[in-house]
Every structure is written in C-alpha cells, then in structure tokens.
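So in my numbering, spot 151 of the sequence shown is number 157, and the numbers just go up one at a time.
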Amino acid sequence: MSFPVIKGASYSLFHTPEMTVHQGSNQTTERLTNPNSEHFKNLQKSLRSFDDFVKYPPNQVYIGNIKPDMLKCHKRPWYEHPMEVASTDGAFGAIYTEEELIALVKIVDVFDLVVLEESFQAATKVKLEKRQELQIIDKLLLKLDSKGVEFAELERMVNDDHAEGLYYSGRLVGCVKKAHAFDPVLTAHVMFENLVSKATAAVNLLQMFTKTKLRPRDIDYIIETSEEACGDMNQRGGGNMAKSIGEICGCINATGSDTRSFCAGPVHGLVQAAALVQSGIYKNVVVIAGGSTAKLGMNSKSHIDKNMPALEDCLGSFAIHVSENDGINPIIRTDVVGRHTIGAGSAPQAVITAIVTDPLDRAGLKLNDIDKFSPELQNPEITVPAGAGDVTLSNLKMIAALGVKRGDFLKEDMERIVNEKGMPGYAPTQGHIPSGIPYIGFARQDIMNKKLKKVMIIGKGSLFLGRLTNLFDGVSFVMEENTVPEETTTVSKEEVRSIVAEALKNLAQSL
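1) So, under 8 Å CB-CB, L212 and C255 are touching, yes? Tell me the CB distance rounded to an integer number of Å.
2) Where DSSP assigns a beta bridge to M485, which residues make up the other side?
3) Evaluate H438 with the Cβ neighbour count: other Cβ atoms within 10 Å of its Cβ, from every protein chain shown; 16 or more gives buried, anything less gives exposed.
4) If you drop the 5 nearest sequence neighbours on each side, which residues of the same chain put their C-beta closer than 7 Å to that of P272?
5) Across the segment 391 to 409 and the segment 302 to 315, are there enough close Cβ pairs to call them in contact, namely three or more that are closer than 8 Å?
6) Can you tell me which of the three DSSP states Y174 falls into?
7) Return helix, strand or coil for H87, following the three-state DSSP convention.
8) State buried or exposed for T496, treating a residue as buried only when at least 16 other CB atoms are found within 10 Å of its CB.
9) Can you name the start and end residues of the beta strand (DSSP E) that K378 belongs to?
10) Throw me the rounded Cβ distance for the R223 and I258 pair, which I believe falls under 8 Å.
11) Would you mind working out which of I388, N290, A169 sits nearest H186, comparing C-alpha positions?
12) On a CA-only basis, which of K411, V120, N313, L150 is nearest V132? Give me that one, please.
13) What would DSSP say about C236, mapped onto helix, strand or coil?
14) If you drop the 5 nearest sequence neighbours on each side, which residues of the same chain put their C-beta closer than 6 Å to that of P315?
15) Name the DSSP beta bridge partners of C269, please?
16) Decide if the segment 429 to 437 is in contact with the segment 395 to 405; the criterion is three or more beta carbon pairs, one per stretch, under 8 Å apart.
17) In the structure shown, what three-state DSSP assignment does A100 receive?
18) Let me check understanding here. Comparing Cα to Cα, which of I69, L160, L110 lies closest to L148?
19) Please tell me whether I376 and K457 are closer than 8 Å, where the distance is taken between their beta carbons.
20) Does the Cβ-Cβ distance between V484 and R345 come in under 8 Å?
21) Which residue from Q127, Q241, S31, T218 puts its Cα closest to that of E105?
22) Which full runs of the alpha helix (DSSP H) of 4+ residues lie inside the segment 302 to 360, going along the chain?
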C-alpha cells in the first residue's frame, strides 16, 4: 500500500491586543452586561507589547525557531523570562503585528465591507510591501490603493451604521460594515470574525509557498478546518471558507470544502486529505485554518487576578500539505486511524482508549512503538491559572497510565514515559489550533532526520458545545518514517517494441 505523505507544514501568529479588548467574546459580553466594568481598565494595563509577544518562548516554538522540548528547561513562568534572541520570521511561518492583520483583512475582502482610515491604510501598505509572501500573488496589495476615509466618517459608520470598529494602538483606524440590512448571520461582527479567519489562513498559506516548494497552481483541493461558519440566514454554516482562501492565494486549479468538528476538525481534515490522495482523486491537498477572534481573552480575568499579562492576545493559523508518496517525506498511516465512535462513551479513559490504543491494537502496535504523542498542545500558562489544568500533561499521563494497565510500560517508568514521549503545550488556546496540529512540522523534520520513527497526532473535540449532543469527539493518525524503496524505472510499450525490434535486427545481422 502506498501511503500519502506530509510534504510541508506552516504556522503563523498574529498579535491582536486591541481585538482582544474589543472583539473577544467574553469582553463583548461584559461590555453589554457591565459597560463600566473595571475589567476593561485592568485588561488594557495587562496587554503585552509586540516585542514582549515575539520574545515569549512558546511563540518562538510555534513558528519553528526552537524545539518544544527546549521549553522544559526554560525558566518559568515563560512570560517573565523572554527569549534573548527572537525573530518574527520562523522556520515554519511568521509573526504579524495587529496593524498588518487589519490591512490583510482589507486585502481579503471582496465585497468592499472593510474601510480603513486613509493615513493608516497608506502607511500600512508601505510596510506590507516588504513582506516576501505578499509578492507571490500579483496585484494582491492593490486593494490598499483604494481611497480610505477620514476619521469622522469612521466614527459615524461605527456609531450610526453598526459597523464593527477596527482599532490599533488605542485608536479607531477602520471598520467592517454589515453585509445585509437585517440578516443576523451577516452582521458586521460576524463578517469581522469570518474575514479575520480568512485573512490569517490566507497569509499563512502564502507563507507555506515561501517555506516549501509547493506553488499555488499545484494545489488540487483545500480543506478548511477552523471553528468559524460562513453563510447567511438560510444556511448559517454553509461555507465555503476553503475556496475563498484559495481564490485570494491564486490556487486557480483547486476546489475545496470546509470540515467542522470543533477542536478535532483539523485532524478530521487531515484524515480526509490522506484518503483523497491515497485514492488518487487528488494529488496535492492542503488542510488549513485561520484564527478565532471570539476566543481572544477567554481567560483574561483569571490572568489579571493573578497579576499576569493577558496571554490570550493572539490568533494562530496553520497549513499542512498532504501529497502522493514520494519515498522521502513521512507517511500518514491510513491503516492506523483512531476514532471516537458514538458508542465509545465520554469518560476520559474511554476517549483515550478509542483514539489512541484501539487503532494501535488493530495494527498490531504497542504504545511503546510510538516515539511521540501530540495531543492537545494548549499552553499551560494560559490554562492552569484559569483552573483548567495542564491539558497536554493530563492527556500524556492518561496515555501513560493506560500503557501501564495494558502492560506496555512499567509503573515506575510513567514519569519518564510522559517526559520522553510528550512535550510541553505551547499553542494559543484557539480551540482547533492546539489540537495535535502544531507538532506536525517538528515531527516531519525529526522523522526525516531519523530522530523519530512514529508520531501519533491526536485531535479531541467538545461536541456538546453545540447543545445537540453530550458526546465528545476524537480522531488520530500516525505519522511514520517513509520506507518505500525508490521506484524502478518503467518502460513504455513503445520503448519495449523498439528494444525488441533492435534486438531482432542485431540477431538477424549476426546470423
């Protein structure tokens, strides 16, 4: 069986302090219920500078500049011990300012819903012109040549027309207009959320083109796996985010669709991508997702209460390239796919059994055969102060405990197993972003460098959030070293006939 391969991975971050204040769902709710809340004053004081954000160790891990295991020996708390050397450019992607993101939202808008203040628009265009990834698509920055508006007009649109304000460094610099007079699914706020998700995914896909050999015309299919839903009141989540992103990025030969399953959506998308490639339907499939502004500052009150910076001040995005087996890149073992079935139950042990040990049993593998497990990689400095615990560590301990119960590990080795086969969480709490996906870039590198052989990517989701079921969700797959031998050269029928004819001719001449 010729398994598909993971040929590339890209990850980017977007610093969004003003969006955290103005558009995070907890903050918007607080503003409606308690507009004079002290929380907003405290939140403003707790926001990080861009420099602090770039030097934050987990952020340097996310874009590929340092390995996850290096966080184990980096002094805690990480936010008090910044990296001495840090860059906005990483092996996998980049870190963007909020100013750049606002302009990118304007660039990906095809219905003229985004309006920017004229001086802000002009200044930001100059900065974006220096971005290599934005030069890949011709005329991409032309949207910023349109005439901006004056500040007074922006204020009027926000105050009178219910436009969604865009803020930078404490001032109003733009807005997103509503897309329909009364459709509740096309309000300015919903359009803002979808446009930001689209922009963060699109620029990260462009990053992939600069970091790998993949080109826009090569892509056959795009699977978008964020937690946003685009549509109108007749089909609230109809989609298609995938094609809208492909359009911006010049993927003229691609089609695509959206896959949703809360936090588990991206891993579902990768399993689907693997199946599409292995079946021969498509050659190059890209699984992508942008960030979710609703989740900004979810735990900011807990962070502020503990005299911490508001660490949920950013959006994450990713892109994973799945392609035909080339004999080089790590394979996706489509015969070792875990799934949380409806009948599996929702107890933590039942979930881990269904998505971790069951697929290994079916393939005749043991937990010890897996070199690294990548479960929900949520940054513990965000989740622990909020009372949610160290999510990554909890998952790894559950896997190790199951291994002891099954006889795969010795009880006295549990701590060593957790340390060796896991890693600290480091991804922003964006739901779909941390769920197994961030480690794929590192796993691909280490497998190709012969440091690892097998890695399990684990996605978990909370389906009960939709208020339609009490079920959890989960899916997993194994990345493995590619051991396919180089294909022998094939010869066409015409070449065979020519060779035979030449042989017969030589034979006749020798007689």
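We put the beta carbon where it would ideally sit given N, CA and C, even for glycine.
So, to answer that:
1) 6 Å
2) I338, V461
3) buried
4) T231, V293, A295, H438, S441, I443, G465
5) yes
6) strand
7) coil
8) Note on T496: pLDDT 49, under 50, position unreliable in the model; the coordinate value appears next. Exposed is the call here.
9) 378 to 380
10) 6 Å
11) A169
12) L150
13) coil
14) S52, R54, Y85
15) S267
16) yes
17) strand
18) L110
19) no
20) no
21) Q127
22) 306 to 311, 354 to 358
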